[in-house]
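For reference, the structure is listed below as structure tokens.
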């Protein structure tokens, strides 16, 4: 292999000038071939021709350089191709000799000269200077055109919002608070990485919300890439910056959309949202704005007469709410009931009110608090108190005032004994004014009996021996504020009448009478009165008193 002395480019074996810089290349000096053309025997040094064939040693020069035909001695041109040594042609590209009948260079396949140009002189030894400025201009033009095309497509690609959206989606899916915080920093400079961490944890705990947010972000990307605004961003908003990078490339940022909401609670309550107290507004409405979406813990506290009230609410808020969130206290009351109309109700030992046609509600009572309820009912024959009863909010207390039946029965029996004793006296002395503990229908009948005795001038001469009451038959009831009682009794007498018309009537005879007495309590004198009686032929006294 040969190389150009001027520029170092590789040269073909037969090249007469450098194809790169045009430098003339000296022909390669080869050692003369000393072999005989006819027999091929080596011709020794100092010999002019082959000792065997005797042709001249330079006989090899008498062959055509184009076709190889032998040229006779004294001939100046090839008998076949008629080319002399002065008419030798060379390839303009690589310098190789080209025969007159060849149309292409056998080495580099360059087209041979056309008609009229079949004979070429060997390349001139004068160095040709290539047109370097033209090459430089061409190369520059190509580079500029290619650069322009590349730059156009580069700007188009670099201006795509996907370069912002894709890292964002990967950060959300990977739950990478640090990367997500860096992406959101431009639109949310005050956002802390710890806050982003809490938010992303909340988001991953609700996969349906996260899927909706990422799908919405892809919709925003498609819309902005097409040059159309997006009107309904959810949780995040993709924004196109006003300034462009290098004044060519569109820039995008992502904003974490804050949420706002309204609480409704007692105007005197203290309110906390995520452990941050919200100042009072003077109304039932408390507003919270520009909050980081996610989980919210809300609490309200109020001091009351019956304890401290507290209400809490936990919820996820992902976008601004227009409807208020109720945070009302559960006002629980102790309900006091009683069948005893007019009964007094006491709360923690102090009079609270009376049962008058409706139940009494005491409260509100705070959750976990208990109060003490008691009652008093004044019967005509005395007051009855209930035991202390512990009750909490929303509980109901029924106050009952059981009658002291035994004591009342005793009072009724005493009244009946007085009545019967007075009756014996009134018929003995024939004087109705002696009657006691009787009124109404019973009194009228007694008065009629005594009047009859007066008319007949008859008096009673007997006595009341005993009255045996059946305790099991005793009953008492209240009707329209009036108390009624009844009881069965067996009466035993030693009977005798002083009858002027019948002397035998004065004989003492034991007698038994069976009655059911109906009594009424007279509130004006606090006494039981017999108002009616019913006589029986016989009665079984089950609980004798």
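Residue numbers (UniProt numbering): 1 to 545. Glycine residues also receive a C-beta, built at the ideal position from the N, C-alpha and C atoms.
Span of the alpha helix (DSSP H), counted from its first residue to its last, around residue i
{"i": "residue 220", "result": "207–225"}
{"i": "residue 200", "result": "193–204"}
{"i": "residue 525", "result": "Segment: none, residue 525 is in no alpha helix (DSSP H) and carries neither H nor E."}
{"i": "residue 456", "result": "441–456"}
{"i": "residue 410", "result": "405–428"}
{"i": "residue 168", "result": "162–173"}
{"i": "residue 182", "result": "177–184"}
Rounded straight-line distance, which links the Cα of residue j to that of residue i
{"i": "residue 273", "j": "residue 353", "result": "40 Å"}
{"i": "residue 515", "j": "residue 346", "result": "44 Å"}
{"i": "residue 296", "j": "residue 266", "result": "19 Å"}
{"i": "residue 526", "j": "residue 381", "result": "7 Å"}
{"i": "residue 398", "j": "residue 337", "result": "5 Å"}
{"i": "residue 369", "j": "residue 305", "result": "11 Å"}
{"i": "residue 233", "j": "residue 212", "result": "11 Å"}
{"i": "residue 192", "j": "residue 280", "result": "28 Å"}
{"i": "residue 308", "j": "residue 301", "result": "7 Å"}
{"i": "residue 170", "j": "residue 236", "result": "15 Å"}
{"i": "residue 331", "j": "residue 371", "result": "15 Å"}
{"i": "residue 589", "j": "residue 318", "result": "Because the chain here runs from 1 to 545, residue 589 falls outside it and cannot be looked at."}
{"i": "residue 276", "j": "residue 294", "result": "15 Å"}
{"i": "residue 518", "j": "residue 476", "result": "10 Å"}
{"i": "residue 141", "j": "residue 21", "result": "23 Å"}
{"i": "residue 217", "j": "residue 229", "result": "13 Å"}
{"i": "residue 473", "j": "residue 488", "result": "6 Å"}
{"i": "residue 386", "j": "residue 403", "result": "11 Å"}
{"i": "residue 542", "j": "residue 455", "result": "41 Å"}
{"i": "residue 479", "j": "residue 340", "result": "12 Å"}
{"i": "residue 491", "j": "residue 483", "result": "25 Å"}
{"i": "residue 501", "j": "residue 539", "result": "34 Å"}
Range covered by the beta strand (DSSP E) that runs through residue i
{"i": "residue 382", "result": "382–385"}
{"i": "residue 287", "result": "285–291"}
{"i": "residue 270", "result": "270–273"}
{"i": "residue 255", "result": "252–256"}
{"i": "residue 391", "result": "389–392"}
{"i": "residue 346", "result": "344–347"}
{"i": "residue 465", "result": "463–479"}
{"i": "residue 35", "result": "Taken as a continuous stretch (DSSP letters only), residue 35 belongs to no beta strand (DSSP E), as it is neither H nor E."}
{"i": "residue 278", "result": "276–278"}
{"i": "residue 263", "result": "259–264"}
{"i": "residue 490", "result": "482–495"}
{"i": "residue 238", "result": "236–240"}
Same chain, Cβ closer than 6 Å to residue i, neighbours up to 5 away in sequence not counted
{"i": "residue 210", "result": "203"}
{"i": "residue 509", "result": "495"}
{"i": "residue 536", "result": "514"}
{"i": "residue 168", "result": "183 and 254"}
{"i": "residue 260", "result": "289 and 320"}
{"i": "residue 463", "result": "494"}
{"i": "residue 196", "result": "177, 180 and 181"}
{"i": "residue 187", "result": "253 and 255"}
{"i": "residue 544", "result": "468"}
{"i": "residue 190", "result": "none"}
Beta-carbon proximity list for residue i, same chain, < 8 Å, skipping 5 on both sides
{"i": "residue 459", "result": "427, 428, 429, 430, 453, 497 and 498"}
{"i": "residue 162", "result": "221 and 225"}
{"i": "residue 440", "result": "520, 529, 531 and 532"}
{"i": "residue 144", "result": "none"}
{"i": "residue 342", "result": "354, 355, 356, 377 and 378"}
{"i": "residue 582", "result": "Look at the range of the chain in this structure, 1 to 545, and you will see that residue 582 is not part of it."}
{"i": "residue 405", "result": "474 and 476"}
Identity of the residue in the options nearest residue i by Cα
{"i": "residue 418", "options": "444, 432 and 438", "result": "438"}
{"i": "residue 326", "options": "284, 333 and 238", "result": "284"}
{"i": "residue 481", "options": "444, 394 and 524", "result": "524"}
{"i": "residue 314", "options": "252, 8 and 298", "result": "298"}
{"i": "residue 252", "options": "185, 408 and 282", "result": "185"}
{"i": "residue 373", "options": "424, 361 and 421", "result": "361"}
{"i": "residue 256", "options": "243, 200, 244 and 451", "result": "200"}
{"i": "residue 507", "options": "545, 461 and 501", "result": "461"}
{"i": "residue 390", "options": "383, 410 and 365", "result": "365"}
{"i": "residue 512", "options": "485, 501, 500 and 468", "result": "468"}
{"i": "residue 470", "options": "409, 7 and 5", "result": "409"}
{"i": "residue 411", "options": "264, 485 and 435", "result": "485"}
{"i": "residue 286", "options": "214, 448 and 263", "result": "263"}
{"i": "residue 312", "options": "6, 504, 303 and 328", "result": "328"}
In DSSP terms, what residue i is bridged to
{"i": "residue 536", "result": "514"}
{"i": "residue 296", "result": "315"}
{"i": "residue 310", "result": "301"}
{"i": "residue 332", "result": "365"}
Residues near residue i by beta carbon distance below 7 Å, same chain, minus five either side
{"i": "residue 395", "result": "334"}
{"i": "residue 282", "result": "267"}
Cβ of residue i within 8 Å of any chain B Cβ
{"i": "residue 481", "result": "Going by chain labels, chain B is absent from the structure shown, which holds only one protein chain."}
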